[in-house]
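Report on one structure; see the data block that follows.
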Ligand SMILES: [Zn+2]
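Numbering (this note's numbering), first residue to last: 1251 to 1728.
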């Protein structure tokens, strides 16, 4: 059966009003139960599966799930279904930002600020985020108390011994001696809960402890050798969990991480680690050292070094997903451009080197067939305009890396869901029967211009509809 146009015109967004118009004396009778199905009709449907846009589509939603999505003839609208008219609009899967950091206890993003940030993400059409390591248990507890949020999945940070125990020691640099604390201390001060793994530890116990926090996988952070990466990856996979890591985790290189079977690598700039010897990688104990080493070797030309190309080819071969996080670097460059220091800090030198290198690495990765997931490295504090965003990441993937808008969208829908693995991979990322009803309706075509992602009419998460204005009321947004 095809849907009837009068029905579409009659009901728009509101609850279906049932009127008894029998004529004569009204006879009291029980109203039929309202049909719990919602039918989104007449929209242009881009379902994220890879099939072309379906014009004049019908998408049926019931109990938070998609029941049917396709051409008008493919999905039969049950009588009494609530109808939403999507004429001249574009229906796409809810967007997934596969790299965010939401909890910063000392910077205020735990209470109201966290709630506002999540509302703002949802208003941008981001219906799922993956927190790449803060404190899974603490974060998930706080998120569960909120209503208007994307789905939040969390990863458990894991790092090696020197991340925790390198002591307050002086490091000689070209600019004098710098005293530093173990990186784990700075992280713990934010309220984050990295876990320690040493080669003598039982990897299965670490994975089990991570699972207990509610995490869906491990994020390998630093100070892990090749053997440790392999053991943690195998243990996590035995438990059905994913393993992601910084492109490189000192001393293990990105190539070694890919060979160990890791599911994904983050931060394009980290591929600079391939240009260092194992000994050099092994001696870089803290962020400052890492950044200086990167700033020295990361040039646009060095991207084509055979060691980097070998790592990218290995990732392509094994299906290791790459998450370049370009928007965070762009934001940092903008920050330093505004500051205009005469003598750049280590951090500034790093950021400037990482920017051009990261974009060129991502181009080369795409050319070589590496799968991309769009993660922004968004953080939930600071002025909203200075936070990296999925929208910014997708724009860079199109404008600087030269992905088509379609390919960029896949990196934030279907491919991002696969990158998360587990339940998200089965339930998110595409508009197909059985998936969660996480949808975004746009007034303009995002396949024509990725900037049209900025034309959100409404967002649906698990069958519930939100308007951007409703979510943003009271928040300063970009
Ligand atoms: Zn991150």
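In this text, a Cβ means the ideal position worked out from N, Cα and C, and glycines have one as well.
What is the rounded straight-line gap between the Cα of residue i and the Cα of residue j?
i	j	result
residue 1524	residue 1541	14 Å
residue 1624	residue 1650	14 Å
residue 1575	residue 1497	12 Å
residue 1716	residue 1366	15 Å
residue 1413	residue 1445	10 Å
residue 1597	residue 1583	10 Å
residue 1631	residue 1503	31 Å
residue 1231	residue 1487	Outside the shown range of the chain, which is 1251 to 1728, sits residue 1231, and nothing can be said about it.
residue 1304	residue 1291	11 Å
residue 1472	residue 1433	9 Å
residue 1329	residue 1398	31 Å
residue 1484	residue 1442	25 Å
residue 1478	residue 1455	13 Å
residue 1618	residue 1517	17 Å
residue 1401	residue 1377	6 Å
residue 1566	residue 1720	42 Å
residue 1640	residue 1602	21 Å
residue 1310	residue 1722	27 Å
residue 1465	residue 1670	11 Å
residue 1545	residue 1364	33 Å
residue 1652	residue 1403	29 Å
residue 1274	residue 1331	Unreliable positioning characterises residue 1274 in this predicted model, as indicated by a pLDDT of 49, which lies under 50. A coordinate reading is not provided.
residue 1299	residue 1612	23 Å
residue 1563	residue 1530	23 Å
residue 1490	residue 1312	29 Å
residue 1306	residue 1681	15 Å
residue 1431	residue 1554	35 Å
So is residue i buried or exposed if we call it buried at 16+ other beta carbons inside 10 Å?
i	result
residue 1435	exposed
residue 1380	buried
residue 1512	buried
residue 1336	buried
residue 1589	exposed
residue 1527	exposed
residue 1693	exposed
residue 1460	buried
residue 1406	buried
residue 1286	exposed
residue 1672	exposed
residue 1718	buried
residue 1362	exposed
residue 1480	buried
residue 1699	exposed
residue 1591	exposed
residue 1593	exposed
residue 1501	buried
residue 1452	exposed
Find the nearest neighbour of residue i within the set the options, judged by alpha-carbon distance.
i	options	result
residue 1642	1345, 1304, 1306	1345
residue 1314	1705, 1723, 1686, 1693	1686
residue 1521	1657, 1558, 1457	1558
residue 1620	1592, 1646, 1499, 1571	1571
residue 1385	1342, 1411, 1468, 1377	1468
residue 1552	1573, 1610, 1383	1610
residue 1577	1648, 1683, 1368	1648
residue 1293	1300, 1284, 1343	1343
residue 1633	1585, 1670, 1646, 1653	1585
residue 1199	1691, 1697, 1615	Outside the displayed range of the chain (1251 to 1728) lies residue 1199, so it cannot be described from this structure.
residue 1667	1653, 1688, 1652	1688
residue 1410	1474, 1402, 1466	1474
residue 1595	1562, 1563, 1539	1539
residue 1508	1439, 1462, 1561, 1463	1561
residue 1753	1340, 1331, 1388, 1332	The structure shown does not extend to residue 1753, since the chain spans only 1251 to 1728, so no value can be given for it.
residue 1533	1480, 1416, 1563	1416
residue 1600	1573, 1615, 1543	1543
residue 1568	1702, 1629, 1510	1510
residue 1683	1637, 1489, 1325, 1284	1325
residue 1439	1614, 1356, 1289	1356
residue 1347	1368, 1458, 1340	1368
residue 1288	1580, 1333, 1655	1333
residue 1703	1341, 1476, 1449, 1301	1341
residue 1549	1519, 1616, 1408	1519
residue 1296	1701, 1695, 1427	1695
Using 8 Å as the cut-off, classify the Cβ of residue i as near or not near the heavy atoms of ligand 3, replying yes or no.
i	result
residue 1639	Although ligand 3 was asked about, the structure shown includes only ligand 1 as ligands.
Does any C-beta atom of chain D lie closer than 9 Å to the C-beta of residue i?
i	result
residue 1485	As a matter of chain content, chain D is missing from the structure shown, which is built from one protein chain.
- request: Just jot down, in chain order, the residues whose CB lies closer than 6 Å to any heavy atom of ligand 1.
  value: Taking each Cβ in turn, the ones that pass are 1349, 1351, 1382, 1627.
field: Cβ pair count under 8 Å reaching 3, the segment 1349-1356 against the segment 1314-1321
entry: With the rule of 3 Cβ pairs closer than 8 Å, the segment 1349-1356 does not count as touching the segment 1314-1321.
The segment 1368-1385 in contact with the segment 1700-1713 per 3-pair CB rule at 8 Å: Enough Cβ pairs lie closer than 8 Å, so yes.
query: Contact between the segment 1662-1682 and the segment 1603-1615: three or more CB pairs below 8 Å?
result: With contact defined as three or more Cβ pairs closer than 8 Å, the segment 1662-1682 and the segment 1603-1615 are not in contact.
- request: Indicate whether the contact test is met: 3 or more Cβ pairs, each with one atom in the segment 1611-1631 and one in the segment 1654-1667, closer than 8 Å.
  value: Between the segment 1611-1631 and the segment 1654-1667, the count of Cβ pairs shorter than 8 Å is three or higher; the stretches touch.
message: Using a Cβ distance threshold of 8 Å, determine whether the segment 1419-1426 contacts the segment 1382-1400, with at least three qualifying pairs required.
response: Verdict: no, contact absent.
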